[in-house]
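First the structure, in the form of structure tokens, and then the observations on it.
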């Protein structure tokens, strides 16, 4: 027996996989990092994230000396230097270095907006865009200027603001 998700038509043969995937659509992120409060839909994602806090970065690029905590990030980075693009969109032939980038891109063609705000029902193509939008409702302004303590909901607004201090 297989079960599918109404919002994205994904099908799952296991109930636990379905439940895990549903968290993406409802915004449920029950696994929280104790060091930085970042939240995740899966326990494995939290475990992978926690490596960042250890400071251990065993993977080093030979071309630019950048270091990485995770092998997957390192491998993806190497493709930037090699120009290797393994993932191709079937609709417009655009190519990508990472499967996740392709999946994000493909939503453009489908018109799908699977991430919906529970407060105002506005919908988004990417979960990150929804998270940023939700700050409007919560008042969360996590980006703070070190010079004057002004806070911002979006990182690019902080970067733009910081220019006034360097003039």
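In my numbering, the protein residues as written are 333 to 499. A virtual CB, placed ideally from N, CA and C, is assigned to each residue, including glycine. None of the values given here were measured: they were computed from a predicted structure.
Those residues which DSSP pairs with residue i across a bridge
i, result
"residue 455", "448"
"residue 420", "427"
"residue 392", "399"
"residue 436", "Bridge partners of residue 436: none, in fact."
"residue 372", "363"
"residue 488", "Beta-bridge pairing links residue 488 to no other residue."
"residue 476", "483"
Secondary structure of residue i, DSSP reduced to three states
i, result
"residue 360", "coil"
"residue 387", "coil"
"residue 499", "coil"
Nearest-angstrom Cα separation, counted from residue j out to residue i
i, j, result
"residue 498", "residue 474", "22 angstroms"
"residue 469", "residue 406", "36 angstroms"
"residue 441", "residue 480", "43 angstroms"
"residue 437", "residue 484", "27 angstroms"
"residue 418", "residue 348", "30 angstroms"
"residue 390", "residue 399", "7 angstroms"
"residue 364", "residue 371", "4 angstroms"
"residue 458", "residue 357", "11 angstroms"
"residue 460", "residue 375", "19 angstroms"
"residue 408", "residue 387", "20 angstroms"
"residue 486", "residue 360", "22 angstroms"
"residue 455", "residue 465", "10 angstroms"
"residue 471", "residue 394", "43 angstroms"
"residue 379", "residue 432", "19 angstroms"
Exposure label - residue i; buried when at least 16 CB within 10 Å
i, result
"residue 412", "exposed"
"residue 373", "buried"
"residue 446", "buried"
"residue 453", "exposed"
"residue 492", "exposed"
Residue-chain proximity (residue i, chain C), Cβ-Cβ < 7 angstroms
i, result
"residue 377", "Annotation note: the requested chain C is absent from the structure, which comprises a single protein chain."
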